[in-house]
Amino acid sequence: MSTIYEFEVTKGNGEIQALSDFKGDVLLIVNTASKCGFTPQFEGLQKLYDDYHTKGFHILGFPCDQFMNQEFDDQSDIESFCKLNYGVSFPIYQKVDVKGELQDPLFSYLTEEKKGFLGGEIKWNFTKFLVDREGKVIRRYPPQARPEKIEKDLVVLI
8 MSTIYEFEVT KGNGEIQALS DFKGDVLLIV NTASKCGFTP QFEGLQKLYD DYHTKGFHIL
68 GFPCDQFMNQ EFDDQSDIES FCKLNYGVSF PIYQKVDVKG ELQDPLFSYL TEEKKGFLGG
128 EIKWNFTKFL VDREGKVIRR YPPQARPEKI EKDLVVLI
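Just so we're aligned, residue 8 is where the sequence shown starts under the working numbering, counting upward by one.
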């Protein structure tokens, strides 16, 4: 596959969404967790979304429970937590595996396109992938990279 537009993902409500729906837009794809030390990054992510979504920028949040069970079991609990505690209005998709034998195909693609500091595998929650308007993965950010640090790369693509 040459771009992320060839993938489909499952929305929080169970509906399938083609990533080709975002063709021509800039994306930030993030594996999230509700009970992680990096969870407060939702605030900065929401600020980026608020500041740039009218210019064709979307954040796609994918909950993951592979790192010390830091995610709720129930999808409605995940979405409620994000909205009530951080005002998240960008989409939170169904929980996925971001590594291992059951790795979601989207995350397999993302980690092949942009390897991390220690190789391809995602090591923790809040790893972020910036995708340009042509569907190419431009940059991978480690969990500790705060959303404010991503903004300088984002504005170049907007």
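Just so it is clear, CB atoms sit at the ideal spot from N, CA and C, and this is done for glycine as well.
Note that the structure is a prediction, hence the values are computed from the model and not measured.
Collapsed DSSP secondary structure at residue i in the structure displayed
i, result
"I145", "strand"
"I165", "coil"
Opposing strand residues paired with residue i [DSSP bridges]
i, result
"P70", "T39"
"V16", "Q24"
"V138", "L34 and V144"
"I129", "DSSP lists no partner for I129."
Residue of the options minimising C-alpha distance to residue i
i, options, result
"E128", "L161, Q101, D139 and F114", "F114"
"Y148", "L164, W131, R140 and F64", "W131"
"I157", "L137, G107, K143 and Q101", "L137"
"L35", "N20, G51 and G44", "G51"
"K122", "V33, I66, S27 and R146", "R146"
"R153", "Y59, T46 and S87", "T46"
Check whether residue i and residue j have beta carbons under 8 Å apart
i, j, result
"T134", "N38", "yes"
"S41", "C89", "yes"
"V95", "F49", "yes"
"G142", "P98", "no"
Residues of its chain near residue i, where Cβ-Cβ distance is below 7 Å and the 5 sequence neighbours each way are ignored
i, result
"A25", "E15"
Close beta carbons around residue i, own chain, < 6 Å, minus the five adjacent residues each side
i, result
"E120", "V144"
"V105", "N38, C71, F114 and I129"
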